[in-house]
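Chains as they are written, first to last, in numbering that gives the first Met the number 0: chain U, 0 to 258; chain W, 0 to 331.
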Amino acid sequence: MSGGLAGQVATLARRSATRTLRQPMMLVPSLLFPLLLLAVNTGGLDSATRLPGFPTNSYLTFALAIAFVQGALFAANSAGNNMASDVETGFLSRLSLTPMRRASLLVGQLGGVVVLGLIQAATFLAAGIAAGAHFEAGVPGALLIVLLSVLISVAFGALGAFAALRTGSGEAVQGLFPLMFAALFLSSMALPRDLIETDWFRTVATWNPVSYMLEGIRSLMITGWDGEALALAFGCAGGLALITLAAASAALRTRMTRT
Amino acid sequence: MRQATAAIEAEGLVREFKKGPRAVDGIDLRVEPGQVYGFLGPNGAGKSTTVHMLTTLLPPTAGSATVGGYDVVSEGAEVRSVIGAALQEAALDPYLTGREHMKLQTSLHGMNRSEGRARGDELLERVGLTQAADRRVGGYSGGMKRRLDVALALVHRPRILFLDEPTTGLDPQSRSALWDEVQRLAADRGVTFFLTTQYLEEADLLADRVGIIHHGRIVAEGDPDALKAEIGRPSVEAIPAEPAERPRVAEVLRRFGDPVASSPKSVAVRLAGGETQLAEVVRALDAESLAVEHLQLHAPTLDDVFLAKTGRSLEGAGEEPEASRATEPAAA
């Protein structure tokens with residue numbers, strides 16, 4: 000039944016995915032830039048693998064995790080921009096006049112994020128395999144990386160949606176992008192935490208949930224099945240998703256003041 | 000005689016915005032089923048804010064309103080089930096096609112796939128968009144977007160339709176097509192219209208009843224002809240045969256009434272004594288040996304009604320847009 004919650008979510012998710020796929024300017028950079036950064040890092044930082052205690056002798060295998068998280072940041076941008084556009088054009092008011100439920104809108108909008116996340120994860124996996132990255136946990140591990148990657152995309156996507164709903168402005172969403180990149184750079188992105196020598200940097204990276212998301216993906220590629228790393232990764236991504244979804248939901252309630 | 004249940008009824012409707020003025024300041028109105036109600040006023044008068052309250056998109060600060068017999072505050076979902084709305088901006092997704100918009104709208108209104116497809120095709124055909132149905136809306140003209148917007152508002156066969164400045168920015172052909180559609184729906188389907196506009200011609204042509212809003216208050220309301228008759232006084236406009244004689248013609252005409260807006264070449268006054276003074280005007284001009292190229296008597300217009308009630312002409316009486324007066328996120 001298309002009028003039920005599931006039907007509404009499916010309808011809005013289809014629209015969100017269609018809209019995302021029809022914006023090459025949104026889609027292409029989200030695939031291209033993480034791969035570029037991966038190429039640069041792999042070429043320039045390969046000698047880091049010779050550091051005592053570095054977990055692998057392939058910097059590509061170590062750095063591939065960055066692409067998944069960086070892609071998720073682009074997903075946040077995409078979700079935020081799409082939501083801001085709906086506010087700015089009045090499309091949200093159009094939807095508000097239908098029997099649509101608020102929850103359907105938010106979940107449906109994130110449908111586009113899931114599609115983008117899946118495309119990104121598949122692309123990065125394929126690029127990693129083609130370039131010779133190692134997957135210690137095999138095919139099931141690779142599938143779990145896709146799942147984790149989509150969850151991270153949803154967490155950041157909801158953050159983008161929150162910014163859009165709170166401000167109603169695409170510019171505000173763009174303003175969030177550098178902050179999220181700072182969070183990525185202040186994590187264990189380039190080196191394992193125990194090899195970061197600068198104290199404050201290591202402390203920030205230890206408190207930064209992005210570190211654990213990266214380490215969860217890395218564990219499946221380098222270590223195999225590491226329960227603790229995976230629990231921390233899914234815990235951080237899931238926790239962040241819960242917080243950002245709750246914030247976006249509250250912002251949507253304020254934005255959609257229909258009686 | 001009034002019917003028991005009005006299609007739209009408001010009593011003392013108020014909307015205040017934080018750090019802003021009262022956008023709507025105690026509106027009372029009643030629209031009977033099947034009526035076309037023209038809500039006329041300049042930019043920033045409170046038209047859109049009123050529409051947002053009546054369509055449940057904005058809660059009133061005070062007062063009450065019912066739409067289709069349902070309370071806009073406590074029965075929002077019921078109100079939305081009987082209304083359709085095309086708000087000020089054609090709210091469309093540029094990345095979707097016209098048909099995809101229809102699919103989205105029919106689906107959210109709970110129609111199954113085949114019913115939705117049939118309804119979508121029917122509406123696209125009615126607004127002349129069948130050929131363009133599979134093109135992305137981003138490439139549509141302003142008129143096409145507006146037609147699609149109205150078609151989307153009709154998906155669930157609403158009894159009451161709110162059109163917020165539906166023809167602003169449209170070319171004359173698109174405007175005329177939309178007027179035809181409004182008249183057809185009102186006549187054939189008995190749809191009640193609440194139509195905001197800043198165009199006098201539009202209100203005059205379409206509305207059975209007009210409410211004139213200024214600074215958030217209704218300053219005049221009634222049948223357009225009755226409102227004009229109430230003002231009563233026509234104006235006379237003269238174009239001197241010799242442009243240099245314009246000041247002298249103006250001086251003569253001023254004996255018969257107060258000046259009103261006219262073209263740069265002409266002079267116009269509101270006849271204090273009504274249309275019977277026209278002969279006296281001709282005689283006075285003749286007595287002063289003033290030749291006129293053109294002399295015309297104008298019946299009162301809704302602009303005259305607005306002028307009489309507010310001291311200002313509606314044409315060019317624009318103020319700051321309502322959105323800029325509002326400080327709350329959902330305000331439009």
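From the three backbone atoms N, C-alpha and C, an ideal C-beta is built for every residue, glycine too.
Rounded to whole angstroms, the Cβ separation of U:Leu26 and U:Phe155 is 16 Å, and the two are not in contact under 8 Å. Counting of Cβ neighbours within 10 angstroms places W:His293 among the exposed residues, the total staying below 16. Looking from the CA of W:Leu162, the closest CA among W:Pro171, W:Trp178, W:Glu274 belongs to W:Trp178.
In the DSSP assignment, W:Ser234 forms a beta bridge with W:Arg269, W:His297.
For W:Val281, the enclosing alpha helix (DSSP H) begins and ends at 277 to 286. Check the Cα spacing between W:Pro171 and each of W:Ala186, W:Thr191, W:Glu201: the tightest is with W:Glu201.
Residue range 35 to 39 is occupied by the beta strand (DSSP E) that includes W:Tyr36. Under a criterion of Cβ atoms nearer than 9 Å, no residue of chain U is adjacent to W:Arg21; the nearest Cβ is some 18 Å distant.
Distances from the alpha-carbon of U:Ala249 to those of U:Thr10, U:Met24, U:Ala160 put U:Ala160 closest. The stretch 187 to 197 of chain W makes contact with the stretch 44 to 55 of chain W: 3 or more CB pairs, one atom from each, lie closer than 8 Å. Close to chain W, meaning a Cβ-Cβ distance shorter than 8 Å, are the following residues of the stretch 167 to 180 of chain U: Gly167. Within the stretch 93 to 134 of chain W, complete alpha helix (DSSP H) segments of at least 4 residues are found at 97 to 107, 112 to 125, given in chain order. The three-state reading of DSSP puts U:His133 in coil, since its state is none of H, G, I, E or B. Using a Cβ-Cβ cut-off of 7 Å, U:Met99 is close to Leu107 of chain W, given in chain order.
Residue contact check for W:Pro41 against chain U: no CB pair falls below 8 Å. Close CB contacts of U:Glu135 within its chain, under the 8 Å cut and outside five residues either way in sequence, are with Leu219, Met220, Ile221, Thr222, Gly223 (chain order). The residue among W:Pro93, W:Ala61, W:Tyr198 with its C-alpha nearest the C-alpha of U:Ser15 is W:Pro93. Chain W places no beta carbon closer than 8 Å to that of U:Leu26, leaving this residue out of the contacts. Neighbours of W:Ala76 in chain U, taken as residues whose beta carbon is under 8 Å from its own, are Pro98 in chain order. Using a CB distance below 7 Å, the part of the stretch 41 to 75 of chain W facing chain U consists of Thr54, Thr55, Leu56, Leu57, Pro58, Val71, Val72, Gly75, ordered along the chain. By the neighbour-count definition (other C-beta atoms within 10 Å, threshold 16), W:Lys264 is an exposed residue. Between the C-alpha atoms of U:Val68 and U:Gly52 there is a straight-line separation of about 24 Å. Looking only at W:Arg156, W:Gly115, W:His100, W:Pro157, the smallest Cα-Cα distance to W:Arg134 is reached by W:His100. With respect to U:Ser77, U:Ser29 sits close: the two C-beta atoms are nearer than 8 Å. For a Cβ distance threshold of 9 Å, residue set Glu88, Ala89, Ala90, Leu91, Asp92, Pro93 of chain W lies close to U:Thr88, ordered along the chain. Separation of W:Ile159 and W:Glu180 (C-alpha to C-alpha, rounded to the nearest whole angstrom) is 14 Å. Apart from the 5 residues on each side of it in sequence, W:Ala131 sits with its Cβ closer than 8 Å to the Cβ of Gly97, Tyr139, Met143 in its chain, given in chain order. Here W:Val71 carries a coil assignment [DSSP, helix/strand/coil]. Judged by DSSP secondary structure, W:Arg29 falls within the beta strand (DSSP E) whose first and last residues are 21 to 30. Within chain W, the C-beta atoms nearer than 7 Å to that of U:Arg21 come from Tyr94, in chain order.
Nearest CB-CB separation between W:Ala84 and chain U: below the 8 Å threshold. When the beta-carbon positions are compared, W:Gly215 and W:Val66 stay at least 8 Å from each other.
Within chain U, the residues placing a beta-carbon under 7 Å from that of W:Leu103 are Thr10, Arg14, ordered along the chain. Between W:Val78 and W:Thr55, the C-beta gap is smaller than 8 Å, which places the two residues in contact. Relative to the Cα of W:Leu284, the nearest Cα in the group W:Gln295, W:Val251, W:Ser262 belongs to W:Val251.
Short of 8 Å from the beta carbon of W:Arg118, and not among the five residues preceding or following it, lie these beta carbons of its own chain, in chain order: Met101, Thr105, Met110, Val154.
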